[in-house]
Amino acid sequence: MSEQFACNVSDLKPGTLVQSYLTAADGSEVAVAVARSDDGEFYAINDICSHGEVSLAEGEIIGCEVECWAHGARFDLRTGEATELPAIDPVDAYPVHIDGERVLVDVDNPITSGIKENA
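Using numbering that gives the first Met the number 0, the first residue of the sequence shown is number 0, and each one after it goes up by one.
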């Protein structure tokens, strides 16, 4: 699979997030938080906080980051990088394509992977 429909552009006002479930090529379901920043840019990251295992789509957008509602961890919407404790592990960030009114996300080709590699 490649790009999949995640939501409509009109579903996301600037500064908001929605949760979407997409199917990866291996058949697994991937929970995705689709975000529209205050400046109108669209982003998609794995919806599950790497610290508290709760939905990031329920969090708040602050600049180009999403703040987890449970413990205040923050993640960069562009890269998935954990930017605020208590989270230290990143989450996957996915490519987003706007096709008219449709927001498409590719969960099979992450921009960055949330898997930390040992140095």
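For every residue, glycine included, the Cβ atom is placed at its ideal position computed from N, Cα and C.
Practice item. Report yes or no: do the segment 100-114 and the segment 2-16 share at least 3 C-beta pairs separated by less than 8 Å? Key: Between the segment 100-114 and the segment 2-16, the count of C-beta pairs closer than 8 Å reaches three or more; the two stretches touch.
Review point. Between glycine 58 and the rest of its own chain, which residues show a CB-CB distance below 6 Å, the 5 nearest in sequence each way excluded?
Key: Taking C-beta separations shorter than 6 Å and ignoring five residues to either side along the sequence, the partners of glycine 58 in its chain run Val65, Glu66, Cys67 and Trp68, following chain order.
Review point. Quick one: what does DSSP say serine 19 is sitting in, helix, strand or coil?
Key: Note: serine 19 maps to strand in three-state DSSP.
Practice item. Could you tell me the boundaries of the beta strand (DSSP E) in which valine 53 lies? Key: From DSSP, valine 53 is part of no beta strand (DSSP E); its letter is neither H nor E.
Exercise for review: Decide if serine 9 is buried, meaning its Cβ has at least 16 other Cβ atoms within 10 Å, or exposed.
Suggested key: Its Cβ having fewer than 16 others within 10 Å, serine 9 is exposed.
**Study point:** valine 106 (DSSP reduced to helix, strand or coil)
**Key:** DSSP places valine 106 in coil when its eight states are reduced to three.
Practice item. State buried or exposed for asparagine 45, treating a residue as buried only when at least 16 other CB atoms are found within 10 Å of its CB. Key: Buried is the call here.
Practice item. Give the C-beta separation of serine 36 and alanine 81 to the nearest angstrom, bearing in mind that I take them to be a contact with Cβ-Cβ under 8 Å. Key: Not confirmed; about 18 Å, so no contact.
Point to revise | Closest Cα partner of tyrosine 42 within the set Gly51, Arg101 and His96 | key: Checked all of Gly51, Arg101 and His96; the closest Cα to tyrosine 42 is His96.
Review point. Cα separation between asparagine 117 and threonine 15?
Key: Low per-residue confidence applies at asparagine 117: pLDDT is 41, beneath 50, and the placement is therefore not dependable, though the value from the model is reported in the following sentence. In a straight line, the C-alpha of asparagine 117 is about 34 Å away from that of threonine 15.
Review point. With distances taken from CA atoms, which of Val90, Ala72, Pro89 and Leu76 is nearest glutamate 83?
Key: The candidate whose alpha carbon is nearest that of glutamate 83 is Ala72.
Check your understanding: Under the DSSP definition of a beta bridge, which residues are partnered with threonine 111?
Key -> DSSP links threonine 111 through a beta bridge to Ala92.
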